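Notes follow once the structure below has been shown.
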Amino acid sequence: MSIVHLQNVEMTNATANFADPYIFRVTFECISPLSEDIEWKLIYVGSAASSKYDQELDSCMVGPVPVGVNSFEFEAEAPSPSKIPETDLLGVTVILLTASYKDAEFIRVGYYVNNFLEKDYLESRPDLQQYVDDPNKVLDLTKVDLDVTKLRREVLVSKPRVTRFNIKWDFEDAPAQQSDSLQTSQHTSNMTAVA
Numbered sequence: 001m002s003i004v005h006l007q008n009v010e011m012t013n014a015t016a017n018f019a020d021p022y023i024f025r026v027t028f029e030c031i032s033p034l035s036e037d038i039e040w041k042l043i044y045v046g047s048a049a050s051s052k053y054d055q056e057l058d059s060c061m062v063g064p065v066p067v068g069v070n071s072f073e074f075e076a077e078a079p080s081p082s083k084i085p086e087t088d089l090l091g092v093t094v095i096l097l098t099a100s101y102k103d104a105e106f107i108r109v110g111y112y113v114n115n116f117l118e119k120d121y122l123e124s125r126p127d128l129q130q131y132v133d134d135p136n137k138v139l140d141l142t143k144v145d146l147d148v149t150k151l152r153r154e155v156l157v158s159k160p161r162v163t164r165f166n167i168k169w170d171f172e173d174a175p176a177q178q179s180d181s182l183q184t185s186q187h188t189s190n191m192t193a194v195a
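Per UniProt numbering, the sequence shown starts with residue 1, numbered consecutively.
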C-alpha cells in the first residue's frame, strides 16, 4: 500500500528545443504523515545499450509533506549532448521521473522522447538532403558535422509508462491503497496507470 498517490503530471514544454529545460507540474496526494522528505529525480536515458550514458538532469527534495493534495513545479536542465553517443543523439529515447522515500523508489513515470532535426535545417544542408528524401534513412552523426542547436525534442506525454514499487513507509497501519490513476499531459488527459 502506498502513502503517496501521484495524481497528475503536466509537462509545460513537451515540444521544444533540445537544449531547453524540462518543466513539470507534479500533483500528488499524501494520505498519512511522513517523517522525511520525498526525493524527485529526472533521468535522461542516453543510450539503450548501457546505463553508463544515463544522465540525472536534476533532483529535488519536497517536504515536509503535509497530509492532503500537494503540488510543485520541477524544472530540470536538458541533457549534455557531449555525454550521449553520437549514434543515439537522434531518434527515440526515454526520460524517467522518479520519486523516492528514504532512498526507496516508489514510483517511476517514463516518457518516450523523440529527438530530431528540423526539416528546414535538413533542407538547407545539401549533405543531408538524402535524409529529407528518405525519412527512413538513419542519420549517422559520426559522418556529419551537426549544429546541435538545431536539435528539437518532442516528449510523448499522452502515453507515459507508470511503474509503482512497494516500499516500507513510516506506518504499518496506513490506510488501504485507493485506486491508482494518473493524469498526464501537456494539456491534461486521463489515463489508467500501469503497475
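Beta carbons are placed, not taken as given, at the ideal position from N, Cα and C, and that holds for glycine. Note that the coordinates shown come from a computational prediction; the quantities given were computed from them, not determined experimentally.
What residue does the beta strand (DSSP E) around residue i start on, and which one ends it?
{"i": "K119", "result": "Per DSSP, K119 belongs to no beta strand (DSSP E); it is in the alpha helix (DSSP H), K119 to S124."}
{"i": "N70", "result": "G68 to A76"}
{"i": "V157", "result": "Counting along the chain, V157 falls outside any beta strand (DSSP E), and DSSP gives it neither H nor E."}
{"i": "A99", "result": "G91 to Y101"}
{"i": "T15", "result": "T15 to N17"}
What are the partner residues of residue i, as DSSP defines its beta bridges?
{"i": "V62", "result": "I38"}
{"i": "V4", "result": "C30"}
{"i": "Y53", "result": "According to DSSP, Y53 bridges with nothing at all."}
{"i": "H106", "result": "The amino acid occupying residue 106 in the given sequence is Phe; His does not appear at that position. Per DSSP, none; premise fails for F106."}
{"i": "L151", "result": "L117"}
{"i": "T163", "result": "R108"}
{"i": "I23", "result": "E75"}
{"i": "I84", "result": "Paired residue(s): none; I84 is not in a bridge."}
{"i": "V144", "result": "None, per the DSSP bridge assignment."}
For residue i and residue j, I'd like the C-alpha separation in whole angstroms.
{"i": "H5", "j": "L156", "result": "22 Å"}
{"i": "D127", "j": "L146", "result": "11 Å"}
{"i": "V148", "j": "C30", "result": "41 Å"}
{"i": "V69", "j": "P33", "result": "12 Å"}
{"i": "P64", "j": "N166", "result": "21 Å"}
{"i": "P81", "j": "V67", "result": "40 Å"}
{"i": "A174", "j": "K168", "result": "Confidence at A174 is low in this model, with a pLDDT of 44, below 50, so its placement is unreliable and the value that follows should be read with caution. Near 11 Å, if we compare the C-alpha coordinates of K168 and A174."}
{"i": "S71", "j": "V9", "result": "10 Å"}
{"i": "S181", "j": "D170", "result": "Caution is warranted here: a pLDDT of 46 is assigned to S181, below 50, making its placement in the model unreliable, and the coordinate value is therefore given only provisionally. Cα to Cα, the separation comes out at about 23 Å."}
{"i": "T27", "j": "A49", "result": "33 Å"}
{"i": "N114", "j": "E73", "result": "23 Å"}
{"i": "E56", "j": "S124", "result": "34 Å"}
{"i": "S51", "j": "M61", "result": "24 Å"}
{"i": "M11", "j": "E86", "result": "27 Å"}
{"i": "Q130", "j": "S47", "result": "25 Å"}
{"i": "S158", "j": "R25", "result": "15 Å"}
Below 8 Å on the Cβ atoms is my guess for residue i versus residue j; work out the distance and round it to an integer in Å.
{"i": "E75", "j": "I23", "result": "5 Å"}
{"i": "Y121", "j": "E36", "result": "About 47 Å separates the two Cβ atoms, so there is no contact after all."}
{"i": "L96", "j": "I43", "result": "4 Å"}
{"i": "P160", "j": "V109", "result": "5 Å"}
{"i": "V162", "j": "V94", "result": "Not confirmed; about 13 Å, so no contact."}
{"i": "residue 197", "j": "R164", "result": "Here the chain covers residues 1 to 195 and nothing more, so residue 197 does not appear."}
{"i": "residue 196", "j": "I84", "result": "Lying before the first or after the last residue shown, residue 196 is absent from the chain, which here runs from 1 to 195."}
{"i": "E154", "j": "A14", "result": "7 Å"}
{"i": "W40", "j": "A99", "result": "5 Å"}
{"i": "residue 197", "j": "F116", "result": "In the structure displayed, the chain extends from 1 to 195; residue 197 sits before or after that span and is not available."}
Segment contact, 8 Å Cβ cut-off, at least three pairs: the stretch 6–19 with the stretch 66–82: yes
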